[in-house]
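Undergrad: Protein chains in written order, with my numbering: chain A, 70 to 192; chain B, 70 to 192; chain C, 182 to 301; chain D, 182 to 301; chain E, 2 to 98; chain F, 2 to 98. We put the CB at the ideal spot given by N, CA and C, even for glycine. Remember, predicted model here, so these are calculated numbers, not experimental data. Handing you this structure, nothing more for now.
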Amino acid sequence: MTQPLPKLTAILNSKAPYSSTAGKDALDIALIFGSFEQPTSLFFQGDGVWQLSQGQDGTIISVKDYLKTFAAFEFYDLENIYVCQQSLIQRGLTADFHIEQVQVLAQKEFAEKLAIHHTVLRF
Amino acid sequence: MTQPLPKLTAILNSKAPYSSTAGKDALDIALIFGSFEQPTSLFFQGDGVWQLSQGQDGTIISVKDYLKTFAAFEFYDLENIYVCQQSLIQRGLTADFHIEQVQVLAQKEFAEKLAIHHTVLRF
Amino acid sequence: MKKLAVVVTTPPYSNLSVTALDYVETALKSGVELVGVFFYQDGVIHANQQVDIASDEFQCIKHWQALQQTFKLPLHLCITAAEKRGLSDEQPNNIHSIFTVSGLGELVELVNKADRLVQF
Amino acid sequence: MKKLAVVVTTPPYSNLSVTALDYVETALKSGVELVGVFFYQDGVIHANQQVDIASDEFQCIKHWQALQQTFKLPLHLCITAAEKRGLSDEQPNNIHSIFTVSGLGELVELVNKADRLVQF
Amino acid sequence: MTTLHIVRQSAFTSDDFAQCLQVLRNNDVIVFIDDGCYNLHHSLINTIDSAAEIQLKVIEKHAKARAVTIDETQYSVINMSNLVELTLTTNRVITWQ
Amino acid sequence: MTTLHIVRQSAFTSDDFAQCLQVLRNNDVIVFIDDGCYNLHHSLINTIDSAAEIQLKVIEKHAKARAVTIDETQYSVINMSNLVELTLTTNRVITWQ
């Protein structure tokens, strides 16, 4: 019996930062999966795309800014970061993100990329 | 100095029953206000209009059916019950309710009725 | 001078609650009379003494405590909503002492005392 | 036979949690192996021993307890999410004994052990 | 390789179902449960490409509790056991809530 | 007799702002706070009848924290003290959250 391939996990972010714990809860999972060397991808769709906007500053509204931790993705080998182009367009946003290596995918490619993952957690 | 008129309170229901506590929380407030003889009106808008649908049965999904308590509105002098016609139409619903004396109001009248109230709580 | 009442329905781990606190603090510091704050729905979680927010995050409860003490601001806890969420005024009582255990009748009082009610 | 893992993120006072329970119970009774249930976000409120749901309403926790005992079903509580919501495994410990205090590392385990993970 | 989409929220209130439709692929399965049952008569349903052969299912008791009528020519009526089976026979599950 | 509408949620995620617009009356005031700031560039804004003389305001720090740009020809920028004043100078408050 061959060793099964490591399972690919996708974390799908759908909420804006700050008002709910969703973004931080998803981030905590991503970092743990990364530190356990589980291949994990991050997807941003709907209002989740706001989490990637350049120029945000949660400290203005007394939030400890968990978005800054996104800079650690590379260190945790979280290198697959996908954002839904249609969600950006709907919100009048451009591909101006506060982290590197975000891949903007058109709807069909976003759907296909998501579908190669074995487990999907959505927050 | 004349005695101020009793303040009119509106409770605006915007959530469907069951999945959140919103409908029950609003009902609890309505009954307390009624029992304190505070003039109180109930408004149903958006997915809140599902709370009024005829034929629902929460017991099928293990909910203690708080909607049945709506029958007590008259006893508590809660006689002003308004539903947004546009919200019904959007959902393909007709004026088929599980309680009597619900007034279906067109958008402008719904807005005007709401605006005679001094305090508005929304759930 | 007009009087205010405030209802808080959001939990302490949401930034929405920081906004509520900011509003109340700003009103009090500008001299507006606040007849009370009523904690309802997930807002009641504020009163759970055992809530443990990481020390480098915003400590809502310390700020409410300061306002309660400085301005004698009544903080009412809806006990029915609280019991559903694991708070109890019986032994072991886990309700923070700055809160007054109340029922929805208190909300009727606040609506009557206040010129404006703001829900958060 | 394929194995399942389940994540519960909704609180005990929501009917959404009854659906999660219904799903888990149906899976177990039809002989599917469930490697564990992971309580996260507002799902952790299930584990608060002091939660008091009116006696004529659905008692989620009693049903979870029955499943845990009958099927040796592991119920994992994310302690980080729990502490934010007033649960504590230190004195006074208010976590229901049917739950195993866990961290997110346990979720990694569950994902690896299970063929399918379903989030509620 | 099909995905099971579990839709739990009303599309009249939130955009979860709209997001689900964005990632839908041929032969995927959608099951409406809980407040997702309110979507049975939502106009978004009509945007699903019939050529994509999407299976549309609904948990009967969840719709019935909400007095939502089911057009059985469009939706197949299932129970919780069927949902468990679907979890195992599809390749992954995404819950839209 | 004007109403102060406090909008706290993104109209991209939920229909709260759409419901607010349903009950809007001439001379009402809308203040965007928290995630309501995401609505500054939402197309629903354009459905507001300019003849209705609605005042549109936004709490500056809430928009700034979210990197949402404010078109000051369309929105007036306020702070929390201004919101407290508005509560007292309008006739009622409805919070859309």
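Please report the straight-line C-alpha distance between D/V232 and D/E264, rounded to a whole angstrom.
TA: Using only the alpha carbons, I get a separation of about 15 Å.
Undergrad: Give me, in chain order, the residues of the same chain whose beta-carbon lies closer than 8 Å to that of F/I95; leave out the 5 immediate sequence neighbours on both sides.
TA: Excluding positions up to five away in sequence, the list reads T4, L5, H6, I7, C21 and V24.
Undergrad: Closest to A/F154 by CA distance: which of A/D126, A/D97, A/Y135 and A/F179 is it?
TA: Residue identity check: residue 154 of chain A is Gln in the sequence provided, not Phe. That would be A/F179, whose Cα lies nearest to the Cα of A/Q154.
Undergrad: Which value, in whole angstroms, describes the spacing of the CA atoms of C/G284 and C/Y204?
TA: Roughly 24 Å separates the two Cα atoms.
Undergrad: Give the interface partners of C/Y221 over in chain B, defined as CB-CB distance under 8 Å, in chain order.
TA: What C/Y221 touches in chain B: D94.
Undergrad: Compute the Euclidean distance between the alpha carbons of A/M70 and C/L202, then round it to the nearest angstrom.
TA: Its pLDDT being 44, under 50, A/M70 is placed unreliably by the model, and nothing is read from it.
Undergrad: With 7 Å as the threshold, decide whether the Cβ of D/D237 is near any Cβ in chain B.
TA: So yes, D/D237 belongs to the interface.
Undergrad: Residues in the segment 8 to 34 of chain F with C-beta within 8 Å of chain E's C-beta atoms, listed in sequence order?
TA: So the list reads F13, T14, S15 and D16, given in the order they occur along the chain.
Undergrad: If you draw a straight line from the alpha carbon of C/T190 to that of C/A262, how long is it in whole angstroms?
TA: Going from the Cα of C/T190 to the Cα of C/A262 covers about 10 Å.
Undergrad: D/V199 CB to nearest chain B CB: under 7 Å?
TA: It does; some Cβ of chain B falls within 7 Å.
Undergrad: If you reduce the DSSP assignment to three classes, tell me which class D/S198 lands in.
TA: Correct three-state label for D/S198: helix.
Undergrad: Give the single residue among E/A68, E/A64, E/N27 and E/V85 whose Cα lies nearest to the Cα of E/Y76.
TA: The option with the nearest alpha carbon to E/Y76 is E/A64.
Undergrad: Taking DSSP as the reference, what is the three-state secondary structure of A/A79?
TA: Note: A/A79 maps to strand in three-state DSSP.
Undergrad: So if DSSP puts B/C153 in a beta bridge, which residue, or which two residues, is it bridged to?
TA: B/C153 pairs with B/L174.
Undergrad: Quick one: is C/E287 near chain D, going by C-beta distance under 7 Å?
TA: So no, C/E287 is outside the interface.
Undergrad: Does E/M2 come within less than 7 Å of chain D when only Cβ atoms are used?
TA: Answer no: the Cβ-Cβ gap between E/M2 and chain D never drops below 7 Å.
Undergrad: For a cutoff of 7 Å on Cβ pairs, would you count B/Q176 as touching chain F?
TA: Chain F, which has a Cβ nearer than 7 Å to the Cβ of B/Q176, makes this yes.
Undergrad: Go ahead and pull the three-state DSSP assignment for A/H167.
TA: Residue state, collapsed to three classes: coil.
Undergrad: Can you tell me whether DSSP reads C/K253 as helix, strand or coil?
TA: C/K253: coil per DSSP, three-state reduction.
Undergrad: Closer than 7 Å, CB to CB, is A/A140 near chain E or not?
TA: With 7 Å as the cut-off, A/A140 does not count as an interface residue toward chain E.
Undergrad: Can you find a CB in chain C that lies within less than 7 Å of the CB of B/F179?
TA: Chain C, which has no Cβ nearer than 7 Å to the Cβ of B/F179, makes this no.
Undergrad: Are the CB atoms of C/P192 and C/I226 nearer to each other than 7 Å?
TA: Contact flag set, yes.
Undergrad: What do you get for F/M81, buried or exposed, if any count of 16 or more other CB atoms within 10 angstroms of its CB means buried?
TA: Buried is the call here.
Undergrad: How many Å lie between D/L268 and C/V188 at the Cα?
TA: Those two C-alpha atoms are separated by around 24 Å.
Undergrad: Across which residues does DSSP place D/Q300 in a beta bridge pair?
TA: Paired residue(s): D/V188.
Undergrad: For the candidate residues A/K84, A/P108 and A/D97, whose alpha-carbon lies nearest to that of A/S156?
TA: Closest option to A/S156, Cα to Cα, is A/K84.
Undergrad: Does any residue of chain E bring its CB to less than 7 Å from the CB of B/D126?
TA: Chain E, which has a Cβ nearer than 7 Å to the Cβ of B/D126, makes this yes.
Undergrad: At a CB-CB cut-off below 8 Å, which residues of chain C make contact with B/F105?
TA: Here the neighbours are G286 and V289.
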